[in-house]
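For the sequence shown, the positions run 74 to 218 when our numbering is used. Note that beta-carbon positions come from the ideal geometry of N, C-alpha and C, so glycine has one too. Predicted, not measured: the structure shown is a model, and the values here were computed from it. The structure appears below as structure tokens.
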Amino acid sequence: MVVKGMVQGILIGLVVILASSFSTRDAFAQQSGSQNQVAKYAELTAKDLEKILRAKDFLFVNVHIPYEGEIKGTDLHVPYNEVERNLDRFPKDKKAKIVIYCRSGTMSEIAARTLAGLGYTNVFDLKGGMIAWQRAGFPLGNRQR
Numbered sequence: 074m075v076v077k078g079m080v081q082g083i084l085i086g087l088v089v090i091l092a093s094s095f096s097t098r099d100a101f102a103q104q105s106g107s108q109n110q111v112a113k114y115a116e117l118t119a120k121d122l123e124k125i126l127r128a129k130d131f132l133f134v135n136v137h138i139p140y141e142g143e144i145k146g147t148d149l150h151v152p153y154n155e156v157e158r159n160l161d162r163f164p165k166d167k168k169a170k171i172v173i174y175c176r177s178g179t180m181s182e183i184a185a186r187t188l189a190g191l192g193y194t195n196v197f198d199l200k201g202g203m204i205a206w207q208r209a210g211f212p213l214g215n216r217q218r
């Protein structure tokens with residue numbers, strides 16, 4: 074009986090630890106100087122993004138490669154795997170609000186994690202990317218050449 078209770082307690086503890094680790098991307102990074110701290114960023118839905126685009130006060134970055142279109146209001150195109158090499162194109166202020174997106178959300182998740190890991194504390198990732206944007210009924214455009 075005692076062993077069964079201990080096993081149940083251990084399993085409950087593991088579930089709590091795992092559940093809390095899945096929510097780390099939904100909070101902002103706190104600067105503590107710790108090398109082991111998980112880089113954090115927040116996710117936006119397409120509807121959330123549509124609302125904040127009305128009063129745009131952020132850098133809006135498409136990180137998808139190859140280029141497959143964009144959401145109106147995009148400020149910058151930086152390949153997801155070249156974010157660190159292009160930091161001069163990002164705000165110097167690490168508290169600046171930055172919204173990242175790609176086609177499906179995979180590349181933007183990597184870019185958001187990279188920016189947060191570099192100390193940016195106000196990073197948002199469009200969950201589901203341009204696919205989610207279109208499914209929500211919003212149009213895509215193409216940059217003017």
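query: Own chain partners of Lys200 with C-beta closer than 7 Å, once the 5 adjacent residues on each side are dropped; result: Glu116, Leu117, Thr118 and Gly178
query: Cα-Cα separation between Lys167 and Ala205, rounded to whole angstroms; result: 28 Å
query: Span of the beta strand (DSSP E) around Ala115; result: Ala115 to Leu117
query: Bounding residues of the beta strand (DSSP E) (the contiguous stretch that carries Val199); result: It is worth fixing the name first, because residue 199 is Leu in this sequence and not Val. Unbroken beta strand (DSSP E) run through Leu199: Val196 to Leu199.
query: Cβ-Cβ distance between Phe131 and Lys170 below 9 Å; result: yes
query: CA nearest to the CA of Asn154, picked from Asp161, Gly142, Asp148 and Ile138; result: Ile138
query: Beta-bridge pairing of Phe163 - partner residues as DSSP gives them; result: According to DSSP, Phe163 bridges with nothing at all.
query: Residue from Ile125, Asp148, Pro152 and Val156 whose Cα sits closest to the Cα of Tyr193; result: Val156
query: Ala128 versus Phe197 - alpha carbon distance; result: 16 Å
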